[in-house]
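Accompanying notes for the structure given below.
Numbering (full-length UniProt numbering), first residue to last: 1 to 264.
And the structure:
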């Protein structure tokens, strides 16, 4: 499907990318239009293995609940007695509730930057896939002694080839944000022990401008305030480049945390 954009005008492709719903973390619409290499560790499958041995689990910033739903499905018939998830975006709260309620998961609307709405030492497993940023003190507070935080985080300068096409060169401090070693130090400062930390840089391809538009509408922190009207010149230039040279290549960064709260 790499030649998809040949028979579609810039205006048609932009309109298509702008019309696709953005709720949840289902990326199936991108098939044939964009691709992203997956980390070698298989986060969702590993999360399922951990769920099978957990009594009480919390998934932070669950999105539309798709990853937790997959992991719970893989973990059955062994599954937690208590399962909860938080999400800050109202559209995703509704989607996650509809998906996860049949599995017995309580979905709680909670802002991403607010304290977790749970009592101290409630969970023996806390999960998160791509949190905006980890609130280590809150994670430590809700974990039981001996409990685990297992999560896949977005790393530094992720997809910055695309971001800087729209925003121009970014300061070095911004490029070094989400540094895994800095996050390790923050976790340890909160009293947690980092049992494992792995990082990978992964290839992404955008094969038409519709995929770029939908991606930037869906992953809103990449280019804050993105709209087609505000960035029409950059979109048109990127469309012309894809038509001329083929897929636009960028790289995502991911790291996997396996963190423990010391037992008493």
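Beta carbons: idealized from backbone N, C-alpha and C, even for Gly.
On the three-state DSSP scale, how would you describe residue i?
i           : result
residue 186 : helix
residue 35  : strand
residue 149 : strand
residue 144 : strand
residue 254 : strand
residue 194 : strand
residue 170 : coil
residue 75  : helix
residue 94  : helix
residue 215 : helix
Identify every residue that forms a DSSP beta bridge with residue i.
i           : result
residue 128 : 60, 151
residue 87  : 109
residue 99  : Paired residues: none, contrary to the question.
residue 204 : 36, 250
residue 260 : 148, 193
residue 123 : 143
What's the C-alpha gap between residue i and residue j?
i           : j           : result
residue 214 : residue 159 : 15 Å
residue 241 : residue 164 : 15 Å
residue 130 : residue 152 : 6 Å
residue 135 : residue 189 : 12 Å
residue 87  : residue 107 : 7 Å
residue 54  : residue 46  : 13 Å
residue 256 : residue 219 : 20 Å
residue 172 : residue 156 : 11 Å
residue 154 : residue 251 : 12 Å
residue 12  : residue 18  : 10 Å
residue 243 : residue 112 : 38 Å
residue 146 : residue 260 : 6 Å
residue 203 : residue 101 : 35 Å
residue 30  : residue 262 : 42 Å
residue 56  : residue 227 : 41 Å
Using the rule of at least 16 other Cβ atoms within 10 Å of the residue's Cβ for burial, across every protein chain shown, is residue i buried or exposed?
i           : result
residue 66  : buried
residue 233 : exposed
residue 9   : exposed
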